[in-house]
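Residue numbers (UniProt numbering): 1 to 266.
Virtual Cβ for every residue (Gly too), placed ideally from N, Cα, C.
If you're wondering where the values come from, they're calculated on a predicted model, not measured in any experiment.
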């Protein structure tokens, strides 16, 4: 269902001559009813008819292969079909828990292009033949052979059993509905990736912090005073309850600041 809803979003955008250029799981968010929405239009561009985009834009693991030769000066540009390839990468990742092409940030555009043109996408034998056909077509290296429109998407044998009008009307029941009182992501995920293997650096920073404990505590206090957190549930509480919560928050903040200062001297 999620892929179908994003396909509908792409169909609308492309009808308005807008290319998203950054379709990836991070930019697909469920609403409070569980329906998927495409977000983050920071890299989107409006392309007039027959025009081509020429900038190297997107998130590399989800980029269509034709973006690489544009960056290398080998072809003139690319169009809306890059979004459909990115959607295919998202779908593949949903099914397998990994992307179809694995490479590191150290790979050059030429190396990525060679990898995508010379290697074959792993297609598990337990997949149905219509799913294999669908994945192969939406992730086609050749732009002209790629599933790159809602018409082609919905008419493929893998998707033809799904009524896109039902999906558009949001009448298909989502398999997951986010809880409004739960954070449905790991806020430390990116932080963990950045600090792996840096325990020595962190220890050096703690040791060097002993001379500025008071300044650090003042900075934390100032940050706490100037930061306003929004909580949809607290906004609806009676005034007495919100006042009590504010007092508890203030006490906890001071206690945490003291603990942070003491830990900095360890």
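Count the other C-beta atoms from every protein chain shown that fall within 10 angstroms of the C-beta of residue i, then say buried if there are 16 or more, exposed otherwise.
i: residue 24; result: buried
i: residue 197; result: Low per-residue confidence applies at residue 197: pLDDT is 35, beneath 50, and the placement is therefore not dependable, though the value from the model is reported in the following sentence. Exposed, because fewer than 16 other Cβ atoms sit within 10 Å of the Cβ of residue 197.
i: residue 106; result: exposed
i: residue 95; result: exposed
i: residue 56; result: exposed
i: residue 27; result: buried
i: residue 177; result: exposed
i: residue 166; result: exposed
i: residue 140; result: buried
i: residue 134; result: buried
i: residue 52; result: exposed
Going by Cα to Cα distance, which pick from the options is closest to residue i?
i: residue 34; options: 75, 180, 84; result: 180
i: residue 86; options: 178, 166, 22; result: 22
i: residue 6; options: 178, 221, 170, 218; result: 170
i: residue 112; options: 83, 134, 82, 66; result: 66
i: residue 174; options: 42, 36, 13; result: 36
i: residue 280; options: 166, 151, 41, 76; result: As displayed, the chain neither begins before 1 nor continues past 266, which places residue 280 out of reach and without an answer.
i: residue 83; options: 153, 104, 110, 121; result: 153
i: residue 11; options: 172, 123, 148, 31; result: 148
i: residue 4; options: 168, 219, 182; result: 168
i: residue 88; options: 161, 160, 109, 132; result: 132
i: residue 183; options: 68, 32, 14, 2; result: 32
i: residue 136; options: 150, 151, 126, 120; result: 120
Which residue marks the beginning of the alpha helix (DSSP H) containing residue i, and which one marks its end?
i: residue 152; result: 150 to 155
i: residue 168; result: 164 to 168
Give a single yes or no on whether residue i has its beta carbon closer than 6 angstroms to a heavy atom of the ligand MN.
i: residue 120; result: As presented, the structure is devoid of all ligands, the ligand MN included, so that no description of it is given.
The segment 36 to 51 in contact with the segment 4 to 23 per 3-pair CB rule at 8 angstroms: Yes, since at least three Cβ pairs between the segment 36 to 51 and the segment 4 to 23 fall closer than 8 angstroms, the two stretches touch.
Minimum length 3: unbroken beta strand (DSSP E) runs contained in the UniProt domain "Protein kinase" (1 to 159): As far as the UniProt domain "Protein kinase" (1 to 159) is concerned, its whole beta strand (DSSP E) runs of at least 3 residues are 28 to 30, 36 to 38.
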